[in-house]
Amino acid sequence: GTGKSSKSGSGTGKSSKGSKSGSGTGKSSKGSKGSKGSKGSKGSKGGGPTAMPSPSPTAMPTPAPTPETTGPPVPSPSLAPTIPCNLDPVDRRQMILEVLTVDNDVTPADEIEDNGSSANLAFEWLVDEDALYLCPDDPKLIQRYVVAKLYYQTGGDNWDECRAHENGLVPSCNTAAIYAGENWLDSSNECDWAFITCDDDLCITRIEVDENNVSGTLIDEIDWLEFLQVYTMDGGNNELTGTIPTQFGNLPELIILDLDSNQLTGTIPEEIFETATGLQQLDLDSNNLTGTISTLLGTLTSLNFLQLHVNELTGTFPNEELLNLPLLTVISLSDLELTGTVSSELCERRDTVGGIITNLWADCATSAAVPVAQVPCPAGCCNTCEF
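This is the structure in structure tokens:
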């Protein structure tokens, strides 16, 4: 039913006055005068004339008003209780499962059915615990499921700030003002949760969970947030493990990917260089990444910030690719396994000689123990040299 039941009954607050009835008006009408009698014929002498008596006036009696009788109010039948989504809970559960696994292939069914997995926990929360109680056809169903899975897969219950409610208690959610919001898995719209920003259509555009004791692995479903522009989970006590999902390469609007200071392994997905061509900041330093730097780096012409230092990347210092990036101001490629030299052409873009590159880091340091730099840099060019 609705929040309040409507008043019922056909009777009004007061019964109406009965109408006056009968043919008479408010006052009875005067009787019509009788016609004068004709003069009597003259009788015999001595007899006086006689006249017919006039009839007495008559009036039609006015009937007493008959009031309308009003019976007791007749209540209208109550509306039948409504079922949320017009679905039995069992049917709703099955339909949501089909939305996620059959209709859209967001997550494989076996993962959702794997008891205790992040997919399973997110699904069970969405179906049984979420007070927002979305219907299977809600356009934001997948978005809400994806961020719930992100929460569980990155150890959300152990976050320092803004984790989900615990047995009716609301954990601390102290954040910088730009990240402020409700605790995660709150009954409010996910756009109102801390660390999340949405556009006017309630599509998530930013997720920024930095220095918050984040652990676990990154979700493969990230590309279902198709309008995502900024994704950061960096720094401090964050300890993400595993690889960077190739699905980040399916986000054409991505402009910032910041996952530094974690324990990520594997290569930097080639898909990021192929599709996220609007990328402006790529910050993956201080992880355990391997492989080479893609030759497609030079296609990211909007890139202005590149930090890959302190990893196990190999190959040649990418001078040619870097020269194709006209907006680049920060280049941090030290503490790597690169070879080659820093080109003089790149050095000509340093801010010290009228260019825009403010920071250029490379493995250009030498010492008595290391007389030859791993990546030599022309004098005065690299402002930070590491071994």
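Going by my numbering, the sequence shown opens with residue 376, and the numbers climb by one from there. For each residue, glycine too, the CB sits at the ideal point set by N, CA and C. Remember, it's a predicted structure, so these values are computed and weren't measured experimentally.
- Considering only Arg-724, Asp-505, Asp-609 and Cys-573, the residue with the shortest C-alpha distance to Ala-555 is Cys-573.
- Looking at the DSSP output, Phe-680 sits in a beta bridge with Gln-656 and Val-705.
- Between Phe-692 and Leu-664 the beta-carbon gap is near 16 Å, outside 8 Å, which marks them as no contact.
- A direct Cα-Cα distance of roughly 18 Å separates Leu-507 from Arg-538.
- Distances from the alpha-carbon of Leu-634 to those of Gln-622, Gly-653, Leu-657 and Gly-591 put Leu-657 closest.
- Between Ala-748 and Ser-709, the C-beta gap is not smaller than 8 Å, which leaves the two residues out of contact.
- For Asp-633, no alpha helix (DSSP H) encloses it; the enclosing beta strand (DSSP E) starts and ends at 631 to 633.
- By the 16-neighbour rule on beta-carbons within 10 angstroms, Ile-471 is buried.
- Taking the Cα positions, Ile-668 is about 37 Å away from Asp-576.
- Distance between Asp-513 and Thr-640, taken at the CA atoms: about 37 Å.
- Counting C-beta pairs closer than 8 Å gives fewer than three between the stretch 558 to 566 and the stretch 610 to 619, which falls short of the contact rule.
- Taking all protein chains shown into account, Phe-623 has 16 or more neighbouring C-beta atoms within 10 Å of its C-beta and is therefore buried.
- By the C-beta density criterion, Gln-682 is buried, having at least 16 other C-beta atoms within 10 angstroms.
- For Glu-696, the enclosing alpha helix (DSSP H) begins and ends at 694 to 698.
- Cβ-Cβ distances below 6 Å link Pro-753 to Ser-719 and Cys-722 in the same chain, with the five nearest sequence neighbours on each side left out; the list follows chain order.
- The three-state secondary structure of Leu-544, taken from DSSP, is strand.
- DSSP places Glu-557 in no beta strand (DSSP E); its state is neither H nor E.
- Inclusion of Asn-533 and Asn-588 in the CB contact set at 8 Å is warranted, their separation being smaller than that value.
- Setting aside the 5 residues that flank it on each side, Leu-671 is surrounded in the same chain by Phe-648, each with a C-beta closer than 6 Å to its C-beta; the list follows chain order.
- With 16 or more other CB atoms across the displayed protein chains lying within 10 angstroms of its CB, Phe-570 is buried.
- Val-705 is the residue among Ser-742, Ala-743, Val-705 and Ile-517 whose C-alpha sits nearest the C-alpha of Arg-725.
- Assigned with DSSP and collapsed to three states, Trp-534 falls in coil, not helix or strand.
- Cys-566 is classed as buried because its beta carbon has at least 16 other beta carbons within 10 Å across all chains shown.
- Counting only residues of its own chain and dropping the five nearest sequence neighbours on each side, Arg-519 has a CB closer than 6 Å to the CB of Glu-565.
- The beta carbons of Trp-599 and Ile-517 sit about 5 Å from each other, so the pair counts as a contact at 8 Å.
- Annotation: Leu-496 to Thr-529 spans about 12 Å, alpha carbon to alpha carbon.
- Excluding sequence positions up to five before and after Leu-615, its CB lies within less than 8 Å of the CB of Thr-529, Val-589, Ser-590, Gly-591, Thr-592, Leu-593, Met-608, Leu-634, Asn-637, Gln-638 and Leu-639, all in the same chain and listed in chain order.
- Distance check between Asp-503 and each of Val-465, Asn-490, Val-481 and Ser-563 places Val-465 closest, using alpha-carbon atoms only.
- Beta-bridge partners of Asn-662 (DSSP): none assigned.
- Going by C-alpha positions, Asn-758 is about 54 Å away from Leu-509.
- Inclusion of Ile-631 and Val-605 in the CB contact set at 8 Å is warranted, their separation being smaller than that value.
- With a cutoff of 8 Å on beta-carbon distance, Glu-645 and Asn-625 are scored as not near each other.
- Sequence-distant Cβ neighbours of Thr-476 in its own chain, meaning closer than 8 Å and more than five residues away, are Thr-482, Pro-483, Ala-484 and Ile-487.
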